[in-house]
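Below you'll find the structure, written out as structure tokens, and then a few comments.
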Ligand SMILES: [Mg+2]
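As structure tokens, this is what we get:
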């Protein structure tokens, strides 16, 4: 899907988790088969309004995530569409085996909704800042992996996954971030969104890094470099067509994500390009390190996930053409 | 479909299921014989007396759901499904072979009718059963959920997370059965990791506890019928069983937990079955 935005502006700052919470509430009203589960983090996940309005379709799991995931799998056996909610680290690593067997291998229609992903969780530190979750989820057969970029897109993605039949991992975050996607952009699973067309370099970004990629695109334009900026909200299935078309045109790529360099978006794109269209790729990601306490902005700078890092990576990959 | 088979009919069926288990395992050359034989009477009672199901419509919305948590006893599940009419009996001979719908452990994405869940990694089935029971409660359905567990499996912590939640949500449409054969791969449960006092554990988690002789068909039926009357709480049946039941020479011998008989042994085991029957 193409959406060439002439001018980019931040209309407001909003948290992606609230986009999830709003959509979940609306889904509850539209579809009586939608049920929600949460492991003692109802407020953090913004599931409180759903819980209040639909007490008989909200299941508190307590601090027992393994049980929650398999209970969700069971709910599908009775025809329900369960949305589980907890932090991203407890949504993946802690319950990997439950997801693998009871959800993915059992082909259950479970929506694993994970908040507080990545460094931008901030002050709580590395124990909670999972940077491996995309990798853990994308290697599972049958699993769809989605990492929307802002409030509006998270909301749209939540509606989209309810329509889709099959296991989904939906990743979002804690802090207020630029909300810039127009709220009428439809969300199509697996269809990348081109935010800015360009011919010199392709910048593929996901999650909170999409806005930074947009900023980098503008900075590069000031230097006379025409970057193409593409929002890869779905990491699996990857929109191979859009990616290959773009790199065919530009001849080089930058990937940007709030995730480990191993197992993330960069991995997926590099693998695709190596197989089908070898081209230089620079990756903006966390370089095999755990995070630490700090505010989200400071952390993004310290770990090299900021706008200037994307600009530098673009210049570097262009040189390697 | 719910048939009220006579005890004699059930006895014949459980004999048939045991034979199928032995033959399919011998043909496969690997698999878990002991536990599969130990559960043959319980599976026979479930599929031919207790479960409200329709092999012609495996996805029938109002079916009772059987959640098998211990995937390694797949052979007894497959034999019961085949005898009930979910798929041709000859297909049992494809067990564990390349391209078969009868995976070594049940695999939901291989297209076998009658399977609710993939299983093999222990400790997940009770949670799945809890979720299934909740979904029935949400819609005020009368269908029920039956789950099957090993005793060794109860060492998994997630079982107790699930047990806690089943009582919390007052799931009286859930009946779980524990295959209490006192053995697991490394030996006796009491030596590997003691489970006792087991009934007290379940009681303290808010469950109604029933005991039965897992090889006495009448007693198994009675336990399931009693469970039906329990309201406001889930029920667990601690079924006393013997690994390898029916084949005297291997009964209670835990080395037969994860083994399959050779074709020659299978002939001998079936002779023993016939003598015992
Ligand atoms: Mg045992």
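Residue numbers (my numbering), protein chains in the order written: chain A, 125 to 445; chain B, 5 to 281. Even for Gly, the Cβ is constructed at its ideal location relative to N, Cα and C. Source: prediction; values computed, not measured.
Local conformation of residue i per DSSP, three classes
i	result
residue 218 (chain B)	coil
residue 477 (chain A)	Because chain A spans 125 through 445 in this model, residue 477 (chain A) falls outside it and cannot be assessed.
residue 208 (chain B)	helix
residue 173 (chain B)	coil
residue 321 (chain B)	The requested residue 321 (chain B) does not occur in the structure, where chain B is confined to residues 5 to 281.
residue 303 (chain A)	strand
residue 71 (chain B)	strand
residue 184 (chain A)	strand
residue 160 (chain A)	strand
residue 60 (chain B)	coil
residue 249 (chain B)	coil
residue 205 (chain A)	strand
residue 225 (chain A)	helix
residue 113 (chain B)	helix
residue 150 (chain A)	helix
residue 444 (chain A)	coil
residue 231 (chain A)	coil
residue 131 (chain B)	helix
residue 179 (chain A)	helix
residue 413 (chain A)	coil
Buried or exposed by the 16-neighbour rule on C-beta atoms within 10 Å, applied to residue i
i	result
residue 252 (chain B)	exposed
residue 367 (chain A)	buried
residue 370 (chain A)	buried
residue 259 (chain B)	exposed
residue 339 (chain A)	buried
residue 304 (chain A)	buried
residue 307 (chain A)	exposed
residue 236 (chain B)	exposed
residue 217 (chain A)	exposed
residue 66 (chain B)	exposed
residue 242 (chain B)	buried
residue 257 (chain A)	buried
residue 120 (chain B)	buried
residue 267 (chain B)	exposed
residue 208 (chain B)	exposed
residue 166 (chain A)	buried
Boundaries (first-last residue) of the beta strand (DSSP E) holding residue i
i	result
residue 383 (chain A)	377 to 384
residue 329 (chain A)	325 to 329
residue 408 (chain A)	405 to 410
residue 139 (chain A)	136 to 139
residue 155 (chain A)	Segment: none, residue 155 (chain A) is in no beta strand (DSSP E) and carries neither H nor E.
Opening and closing residue of the alpha helix (DSSP H) in which residue i lies
i	result
residue 271 (chain B)	267 to 280
residue 370 (chain A)	364 to 374
residue 82 (chain B)	78 to 88
residue 19 (chain B)	11 to 32
residue 49 (chain B)	44 to 49
residue 103 (chain B)	Where residue 103 (chain B) is concerned, there is no enclosing alpha helix (DSSP H), given that its DSSP letter is neither H nor E.
residue 335 (chain A)	333 to 346
residue 282 (chain A)	275 to 287
residue 309 (chain A)	No alpha helix (DSSP H) holds residue 309 (chain A); DSSP gives it neither H nor E.
residue 389 (chain A)	389 to 400
Identified DSSP bridge partners for residue i
i	result
residue 169 (chain A)	Answer is none; residue 169 (chain A) lacks a bridge partner.
residue 243 (chain B)	B:183, B:216
residue 293 (chain A)	A:236, A:269
residue 210 (chain A)	A:238
residue 153 (chain B)	B:182
residue 354 (chain A)	A:318, A:328
residue 220 (chain A)	For residue 220 (chain A), which the question treats as bridged, DSSP gives no partner whatsoever.
residue 253 (chain A)	In DSSP, residue 253 (chain A) forms no bridge with anything.
residue 188 (chain B)	B:191
residue 360 (chain A)	A:269
TODO: Could you run through the segment 192 to 220 of chain A and flag, in chain order, every residue whose CB is less than 7 Å away from some CB of chain B?
DONE: 194, 195, 196, 197, 198, 199, 201, 202, 203, 204
Contact residues within the segment 171 to 187 of chain A, judged by C-beta distance below 8 Å to chain B | 180, 181, 183, 185, 186
Any residues in the segment 282 to 293 of chain A with a beta carbon nearer than 8 Å to a beta carbon of chain B? Which ones, in chain order? none
### Query
Along the segment 226 to 258 of chain A, what residues have a CB closer than 7 Å to any CB found in chain B?
226, 229, 230, 231
*May I ask you to list, following chain order, the residues of the segment 204 to 228 of chain B that have a beta carbon less than 7 Å from some beta carbon of chain A?*
none
Residues of the segment 158 to 171 of chain A in Cβ contact with chain B at a cutoff of 9 Å, in chain order, please.
159, 161
Next on the checklist: Beta carbons nearer than 9 Å to chain A: which residues of the segment 39 to 71 of chain B have them?
Outcome noted: 65, 69, 71
Taking a Cβ distance cut-off of 8 Å, strictly less, list which residues of the segment 256 to 279 of chain B are near chain A, in chain order. none
- request: Output, in sequence order along the chain, the residues in the segment 102 to 113 of chain B whose CB is closer than 7 Å to any CB in chain A.
  value: 111, 112, 113
Self-check item: Under 7 Å (Cβ pairs) to chain B, residues found in the segment 386 to 397 of chain A
Solution: none
Practice item. Give the residues from the segment 123 to 136 of chain B that approach chain A closer than 9 Å (Cβ to any Cβ), ordered along the chain. Key: 123, 124, 125, 127, 128, 129, 130, 131, 132, 133, 134, 135, 136
Next on the checklist: Which residues of the segment 150 to 167 of chain B have a Cβ closer than 7 Å to any Cβ of chain A? Give them in chain order.
Outcome noted: 162, 165, 166
Cβ-based contacts, 7 Å cut-off: residues of the segment 173 to 197 of chain B near chain A: none
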